[in-house]
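Chains A and B, in that order, are what the protein sequence lines are.
Just so it is clear: in the first sequence, position 67 is 67 by UniProt numbering, and no numbers are missing.
Just so it is clear: in the second sequence, position 100 is 100 by UniProt numbering, and no numbers are missing.
Number of protein chains: 2
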Amino acid sequence: MEFKEAKNKFVQSWGALGSQWGINKTMAQIHALLMISTEAVSMEDIMEELQISRGNASMNLRALMDWGIVYKEYKPGERKEFFIAEKDLDELAVKIAKERSKREIKPALKVLKEVSTIKTNKTEEEKHFVEQTGKLYDFVLKADNVLDKVTEYKDNWLAKLVIKIMK
Amino acid sequence: MEFKEAKNKFVQSWGALGSQWGINKTMAQIHALLMISTEAVSMEDIMEELQISRGNASMNLRALMDWGIVYKEYKPGERKEFFIAEKDLDELAVKIAKERSKREIKPALKVLKEVSTIKTNKTEEEKHFVEQTGKLYDFVLKADNVLDKVTEYKDNWLAKLVIKIMK
DNA sequence: ATAAACTTTCATCTTTTTTTGAAAGTTTAA
DNA sequence: TTAAACTTTCAAAAAAAGATGAAAGTTTAT
Chain A
1 MEFKEAKNKF VQSWGALGSQ WGINKTMAQI HALLMISTEA VSMEDIMEEL
51 QISRGNASMN LRALMDWGIV YKEYKPGERK EFFIAEKDLD ELAVKIAKER
101 SKREIKPALK VLKEVSTIKT NKTEEEKHFV EQTGKLYDFV LKADNVLDKV
151 TEYKDNWLAK LVIKIMK
Chain B
1 MEFKEAKNKF VQSWGALGSQ WGINKTMAQI HALLMISTEA VSMEDIMEEL
51 QISRGNASMN LRALMDWGIV YKEYKPGERK EFFIAEKDLD ELAVKIAKER
101 SKREIKPALK VLKEVSTIKT NKTEEEKHFV EQTGKLYDFV LKADNVLDKV
151 TEYKDNWLAK LVIKIMK
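So, in structure tokens, the structure goes:
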């Protein structure tokens with residue numbers, strides 16, 4: 001396999017993986033592109049490489065920056081903006097974990113807490129509902145705490161976790 | 001909040017959470033419905049409760065069974081099929097972890113291995129590509145191994161993990 | 001074997017998500 | 001200022017994903 005083919009395969013696959021996890025394909029592709037680039041890339045080049053429109057590139061780059069995993073960079077003398085990805089994988093994992101916790105897990109926990117604490121549990125059905133959603137709350141809360149710990153460890157959390165879990 | 005409202009809120013929220021993680025909304029809603037049901041539910045009742053068509057119910061129930069988190073149940077005397085969810089959360093997590101590993105992580109690893117082992121790394125650009133995708137391969141491989149361990153522990157893996165990680 | 005009671009399939013329709021591109025907005029240099 | 005060089009916004013178009021429902025398929029009881 002030659003370089004260009006490999007590069008393309010990587011970008012496409014990363015995009016496909018992203019969409020299976022609720023991340024827009026183009027966003028994941030841009031991220032992939034930046035991950036393997038040695039230097040900051042201009043919007044023009046991203047558009048060219050992925051064959052996407054200016055608007056699309058702009059919006060997805062903004063989203064990546066909102067996630068805190070892509071940064072703007074200015075080159076002296078150059079008027080246009082360049083983009084660079086967070087390349088440290090531990091840092092990347094932490095950022096993503098933090099963000100998904102904030103955006104999705106926390107709101108879900110809020111709902112689970114609300115619905116699992118209704119007072120009117122007379123029937124079997126209602127008792128079971130309260131019990132089941134309560135268990136779910138505990139479970140999701142624990143899982144979220146693991147994400148927090150990941151954030152805390154920060155450097156090489158995965159390696160540390162692997163060592164611990166492997167006993 | 002009364003029971004019916006809480007139930008509806010839970011089903012809707014679970015559906016929304018699902019779609020943020022690449023799981024079709026209706027599939028997640030059916031799963032939510034079955035999770036909180038004391039007894040097996042017929043397709044008819046699912047259609048009625050979620051206001052969806054027969055075809056939709058059929059296809060999503062099939063998908064849930066493919067994931068191994070919903071089972072068919074036959075009631076004596078009754079001709080129609082009833083459905084019941086895996087209610088043990090540890091078991092549920094294990095099933096999902098296993099399935100996503102098989103369907104998504106493993107294929108991604110295959111691609112990462114392929115592209116990170118191309119031989120023609122002459123330029124800086126190519127060297128960096130090989131290095132970066134190689135790191136990604138190691139990282140994803142380790143993360144996937146954690147999923148395997150989760151499967152191995154099976155009972156109360158999350159609690160055990162929490163204890164270990166909290167030191 | 002027949003028919004009633006169900007379930008599955010899939011071409012087509014609907015909804016949601018993503019993309020486009022041109023106008024509006026912003027920044028910089030002169 | 002003005003205008004060139006860029007970026008952002010957003011209404012409209014396109015693409016992708018999901019839902020429908022009726023016909024085909026299956027199972028069971030008689």
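All C-beta atoms in this analysis are idealised placements derived from N, C-alpha and C, irrespective of residue type, glycine included.
As the structure is a prediction and not an experimental result, all values here were calculated from the model.
Straight-line CA distance for residue i to residue j?
| i | j | result |
| --- | --- | --- |
| GLU91/B | LEU136/A | 13 Å |
| LEU17/B | GLU124/B | 42 Å |
| GLU152/A | VAL162/B | 14 Å |
| ILE69/B | LYS122/B | 49 Å |
| MET166/B | THR133/A | 25 Å |
| ASP45/B | MET65/B | 18 Å |
| LEU13/A | VAL41/B | Here residue 13/A turns out to be Ser, not Leu, going by the sequence shown. Cα to Cα, SER13/A sits roughly 39 Å from VAL41/B. |
| VAL94/B | VAL150/B | 7 Å |
| LYS164/B | LYS160/A | 11 Å |
| residue 245/B | PHE129/B | No answer is possible for residue 245/B: the residues shown for chain B start at 1 and end at 167. |
| TRP67/B | LYS102/B | 11 Å |
| LEU50/B | GLY15/B | 11 Å |
| LYS80/A | ASN8/A | 26 Å |
| THR120/B | LYS75/A | 30 Å |
| TYR71/A | MET1/A | 31 Å |
| GLU48/A | SER116/B | 24 Å |
| SER37/B | SER37/A | 51 Å |
Assign residue i to one of two classes, buried (16 or more other C-beta atoms within 10 Å of its C-beta) or exposed (fewer than that).
| i | result |
| --- | --- |
| MET35/A | buried |
| LYS53/B | Just to set this straight, residue 53/B is Ser in the shown sequence, not Lys. The residue in question, SER53/B, is exposed, as its Cβ has fewer than 16 Cβ neighbours within 10 Å. |
| MET27/B | buried |
| GLU39/A | exposed |
| GLY77/A | exposed |
| GLU126/A | buried |
By alpha-carbon positions, which one of the options ends up nearest to residue i?
| i | options | result |
| --- | --- | --- |
| GLU131/A | ASP144/A, ASN145/A, VAL146/A, GLU114/A | GLU114/A |
| ASN56/A | GLN29/A, TYR74/A, ASP138/A | GLN29/A |
| GLU86/A | SER13/A, MET47/A, GLU73/A | GLU73/A |
| GLU99/A | LYS110/A, ALA63/A, ASN156/A, LYS127/A | ALA63/A |
| ASP155/A | VAL111/A, ASP88/A, SER101/A, GLY77/A | ASP88/A |
| VAL111/A | THR120/A, ASP138/A, LYS127/A | ASP138/A |
So, residue i versus residue j, is the Cβ gap smaller than 8 Å?
| i | j | result |
| --- | --- | --- |
| LEU61/B | PHE82/B | no |
| PHE10/B | ALA32/B | yes |
| VAL140/B | ALA97/B | no |
| ALA6/B | ILE105/A | no |
| SER19/A | MET43/A | no |
Should the segment 137-157 of chain A be regarded as contacting the segment 22-34 of chain B, the criterion being three or more beta carbon pairs within less than 8 Å?
-> The segment 137-157 of chain A is not in contact with the segment 22-34 of chain B.
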